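Numbering (this note's numbering), first residue to last: 147 to 301.
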């Protein structure tokens, strides 16, 4: 009986293991921009720059909200300044996939009753599996935001 059970487990798990080995794990680092991705005249800077305070608070202390969903296992940011756009891209990686109710919570946190970006709260975000990317970029151009969004879309 034990042999049959062992064979059954191996038959079921073998294809899953093979499938998992062929899948590249996506991390927050997968989405980060390289200096070569930036348009001419743009540079990385160290400070977090968000137009509205909600994404800044979420970045500085995501544990405030872990009663809704777990705290990220990793967070990072990239801040960019250039001749028509500046701000930060915030990256959050969670242990598990982000549930829909947390996405709804983030919309409320970032946008309030509007439930979408506004002039007062221009940040945008994307959830992809266990990752959240928040674009806190603003200005007359959206070059860096477009480059970053395409990178997230294509991964």
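No residue lacks a Cβ here, since even glycine has one placed at the ideal position from N, Cα and C.
In this text, all values refer to a predicted model and were calculated from it rather than measured experimentally.
Using the C-alpha atoms, what's the distance from residue j back to residue i?
i	j	result
residue 231	residue 300	23 Å
residue 181	residue 187	11 Å
residue 293	residue 210	31 Å
residue 270	residue 206	18 Å
residue 169	residue 291	For residue 169, the pLDDT reaches just 35, beneath the cut-off of 50, and the residue's location in the model is therefore unreliable, although a value from the coordinates is still provided. One C-alpha to the other measures close to 27 Å.
residue 287	residue 190	16 Å
residue 295	residue 277	13 Å
residue 193	residue 281	15 Å
residue 272	residue 279	5 Å
residue 243	residue 261	22 Å
So residue i packs on residue j, CB below 8 Å; how close in whole Å?
i	j	result
residue 267	residue 202	In fact, because the Cβ distance is near 12 Å, the residues do not count as touching under 8 Å.
residue 238	residue 218	4 Å
residue 184	residue 235	Contact flag wrong, Cβ pair sits at about 12 Å.
residue 283	residue 204	At roughly 16 Å, the Cβ-Cβ gap does not stay under 8 Å, so residue 283 and residue 204 are not in contact.
Under DSSP, the alpha helix (DSSP H) around residue i begins and ends at which residues?
i	result
residue 204	199-206
residue 292	289-300
residue 254	246-257
residue 284	Unbroken run through residue 284 is the beta strand (DSSP E), 277-284; no alpha helix (DSSP H).
residue 176	174-177
Of all the CB atoms in chain D, is at least one closer than 8 Å to the CB of residue i?
i	result
residue 261	The chain inventory of the structure shown lacks chain D, comprising one protein chain alone.
First and last residue of the beta strand (DSSP E) that includes residue i?
i	result
residue 232	231-239
residue 228	220-228
residue 270	270-274
Determine the contact status of residue i and residue j, defining contact as a CB-CB distance below 8 Å.
i	j	result
residue 195	residue 233	yes
If you pair each beta-carbon of the region 215-229 with each one of the region 174-185, do three or more pairs fall below 8 Å?
-> With contact defined as three or more Cβ pairs closer than 8 Å, the region 215-229 and the region 174-185 are in contact.
Is the number of C-beta pairs between the region 211-219 and the region 239-253 that are closer than 8 Å three or more?
-> Pairwise C-beta distances place the region 211-219 in contact with the region 239-253, as three or more of them are shorter than 8 Å.
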